[in-house]
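In the numbering used here, the protein residues as written are 64 to 662.
Just so it is clear, CB atoms sit at the ideal spot from N, CA and C, and this is done for glycine as well.
Working notes for the structure below.
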């Protein structure tokens, strides 16, 4: 086992696209952790979807052996974390397993909104930070300006910031030396009772559940009988190892080390993230503080296009939930779409990633309903219910008031786009809390309702600022507002997949836009189809889809006009009857397009 003074545990944190994964590649490559022939870009991003989108979704660990300039051999445990706000839960978990962080800032773009969010998480976890200025090989790089920005906006000393180009390998040696010299060694006692933190777990088809652990005190050996303190479950350890990024078996993990164990665990549900692992006999009595469970923020329904694939979808969702602790689901049925699942996500990107993974890895075509958030519904008898799906809204005569979740959004934007951003936030019922400047960029803080953000706020923000704005948010709590449920009726039948909660002042505009959109999307039938948006019993918007007409008088030539009249009247009566019993087919694309509402 490595002595504590020669271990360094650190994570790499940064905004999206500032070069975390590329820097991790260079650290792995320069220490010859991976043979040159096995090296590839974004080595730690193993999922297809990560490589395709160029983002990190799962935090990944790797153990690096490094011989410092003073001749000493060190073991570095590196965790490469996601940068996107939707995966902040992954970041906060990883932070608890390590003692320091490399703060990577793009020297051409400077400090962005999620740089701030991730730094605050690192400071919360008592981390020592080493600022690294990346992309110095680009002509637009400005090291002095960005170092000054780090000091102004974040408030940490950037005089020792290391200029690096992760692409070309400049400054990698200095980064490794700085990690060894400036980050603290872990603390722990090898003779104390075993205390190990369960950082992450996932399902491997060959090994069963693989558990990532960070040992705080004591030693974990192969063959030990262990106990999970939260669930009380007991297991015998089959194998212990470390990631170099491939799995490599070792005999024991000592204090301060990060590695994995397998112990014939059948279900990932038996391994709670943040749990404390100890020995079954002579174990510790005081568990580690653990993590708060993640709270889903956005809900939407996932339904298979072909209802025969429902069981396949159930299997796919079960398997995905094994590897993603922050994804929750329950069954639901819909009159229009059949059987499906109501799923909870940490944000829209998380939703997209899960949907893409189901379609790609399990080959199931999906319909996604409108994303919605959790509302608090206070009834007249004083009870509180949580409303996940607008279609389940109770009768308004029993409802006292509704509360919706609010967020505190931080937006960093170049000065020339500030007016557009302020207008966008006002349109979305935002309340301005703060406006400050960091150089030529404004930092705006807004209190916004979450249901206005989950639709298309991020896309609109990117389009009004030509992609230069960066955005980060955190939940602030619930507040009462004048919200109503808007239903869409097609041929007098409510379509529950299109119900949504809207603010009363904006309902008419939303309803009209929805009806106009559906009029273009639903194909014409042999009878007239009214498309209406309604609140309760009151219709607030209507469009009529005209009927297709068969020419019933084609066979009449010459003769009396009453003959034609008779045929037309007969057709009219038939259409009336058809409309009574006619079923309107709403095609799949209509659902998806109608839900992509654009303000």
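Separation of residue j from residue i, as counted between CA atoms
| i | j | result |
| --- | --- | --- |
| residue 552 | residue 204 | 55 angstroms |
| residue 513 | residue 468 | 6 angstroms |
| residue 298 | residue 326 | 6 angstroms |
| residue 305 | residue 296 | 24 angstroms |
| residue 69 | residue 390 | 37 angstroms |
| residue 175 | residue 229 | 19 angstroms |
| residue 340 | residue 253 | 15 angstroms |
| residue 463 | residue 256 | 54 angstroms |
| residue 287 | residue 315 | 10 angstroms |
| residue 403 | residue 383 | 16 angstroms |
| residue 108 | residue 124 | The pLDDT assigned to residue 108 is 48, lower than 50, so where the model puts this residue is not dependable, and the model offers no usable value. |
| residue 502 | residue 179 | 16 angstroms |
| residue 424 | residue 374 | 15 angstroms |
| residue 473 | residue 556 | 42 angstroms |
| residue 329 | residue 271 | 6 angstroms |
| residue 415 | residue 380 | 14 angstroms |
| residue 139 | residue 321 | 10 angstroms |
Proximity test, residue i beta-carbon vs the ligand NAD heavy atom, cut-off 6 angstroms
| i | result |
| --- | --- |
| residue 616 | Ligands in the displayed structure: none, and consequently the ligand NAD is not present. |
Delimiting residues of the alpha helix (DSSP H) encompassing residue i
| i | result |
| --- | --- |
| residue 203 | Looking at the DSSP string, residue 203 is not in any alpha helix (DSSP H), and its letter there is neither H nor E. |
| residue 574 | 567 to 584 |
For residue i, the residue or residues it bridges with in DSSP
| i | result |
| --- | --- |
| residue 194 | 166 |
| residue 225 | 195 |
| residue 290 | 297 and 341 |
| residue 330 | None, per the DSSP bridge assignment. |
| residue 619 | Beta-bridge pairing links residue 619 to no other residue. |
| residue 395 | 403 |
| residue 431 | 365 |
| residue 500 | 505 |
| residue 557 | 552 |
| residue 533 | 475 |
| residue 306 | 310 |
Helix, strand or coil at residue i [DSSP, three-state]
| i | result |
| --- | --- |
| residue 358 | coil |
| residue 613 | coil |
| residue 604 | strand |
| residue 92 | helix |
| residue 492 | coil |
| residue 43 | The structure shown does not extend to residue 43, since the chain spans only 64 to 662, so no value can be given for it. |
| residue 160 | helix |
| residue 172 | coil |
| residue 452 | coil |
| residue 374 | helix |
| residue 282 | coil |
| residue 381 | helix |
| residue 439 | strand |
| residue 587 | coil |
| residue 127 | strand |
| residue 482 | helix |
| residue 670 | Look at the range of the chain in this structure, 64 to 662, and you will see that residue 670 is not part of it. |
| residue 389 | coil |
| residue 316 | strand |
| residue 108 | Because the pLDDT at residue 108 is just 48, under 50, the model does not fix this residue reliably, and the value given afterwards should be weighed accordingly. Of the three classes helix, strand and coil, the one that applies to residue 108 here is coil, per DSSP. |
| residue 647 | coil |
| residue 219 | coil |
| residue 541 | strand |
| residue 213 | helix |
| residue 271 | strand |
Residue i - containing beta strand (DSSP E), residue span
| i | result |
| --- | --- |
| residue 183 | Element bounds for residue 183: not the beta strand (DSSP E) but the alpha helix (DSSP H), 176 to 187. |
| residue 258 | 258 to 267 |
| residue 238 | Counting along the chain, residue 238 falls outside any beta strand (DSSP E), though it belongs to the alpha helix (DSSP H) covering 235 to 245. |
| residue 311 | 309 to 313 |
| residue 423 | No beta strand (DSSP E) contains residue 423, which is instead part of the alpha helix (DSSP H) from 411 to 424. |
| residue 403 | 401 to 408 |
| residue 548 | 546 to 553 |
| residue 475 | 462 to 477 |
| residue 511 | 504 to 512 |
| residue 143 | 136 to 143 |
| residue 231 | Unbroken run through residue 231: none, as it is neither H nor E. |
| residue 446 | Where residue 446 is concerned, there is no enclosing beta strand (DSSP E), given that its DSSP letter is neither H nor E. |
| residue 72 | 70 to 76 |
| residue 324 | 321 to 325 |
| residue 592 | 592 to 598 |
Cβ distance (whole Å) where residue i is taken to contact residue j below 8 angstroms
| i | j | result |
| --- | --- | --- |
| residue 638 | residue 610 | 6 angstroms |
| residue 408 | residue 336 | The Cβ separation is near 17 angstroms, so there is no contact. |
| residue 500 | residue 466 | About 34 angstroms separates the two Cβ atoms, so there is no contact after all. |
| residue 262 | residue 185 | Contact flag wrong, Cβ pair sits at about 16 angstroms. |
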